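> If you read the sequence shown in my numbering, its first letter stands for residue 47, the second for the next number, and so on.
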Amino acid sequence: MADRKFQSGELVRVLPDDAPPSTDIAIMFADTRNLPPKTRAFINFLVREFRDVPEYQMTGS
47 MADRKFQSGE LVRVLPDDAP PSTDIAIMFA DTRNLPPKTR AFINFLVREF RDVPEYQMTG
107 S
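#1: Apart from the five residues on each side of it in sequence, which residues of its chain come closer than 8 Å, Cβ to Cβ, to LEU57?
#2: For ILE89 and SER54, I'd like the C-alpha separation in whole angstroms.
#3: Going by DSSP in three states, ILE73 sits in which element: helix, strand or coil?
#4: Can you give the beta carbon distance from ILE71 to PHE96, rounded, assuming they're within the 8 Å contact cut?
#5: Starting from ASN90, trace the alpha helix (DSSP H) both ways and give me its first and last residue.
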């Protein structure tokens with residue numbers, strides 16, 4: 047999310063040598079048939095936000 051702000055120069059890294067370690071993002075749910083609309087909307091939001099971030103790779107189905 048902030049990646050775009052860094053690329054545009056709106057945000058600037060002040061301690062580039064002291065960056066936090068990267069982390070994985072996982073979305074797990076048992077069944078999509080009864081998935082609440084708010085949950086589906088949140089999943090879609092995460093996919094849109096992180097789709098173009100090089101540090102994150104989409105895996106799974």
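Quick reminder that beta carbons are idealized off the backbone N, C-alpha and C, glycines included.
As the structure is a prediction and not an experimental result, all values here were calculated from the model.
Taking the geometry as given:
#1: ALA48, LYS51
#2: 26 Å
#3: coil
#4: 7 Å
#5: 83 to 96
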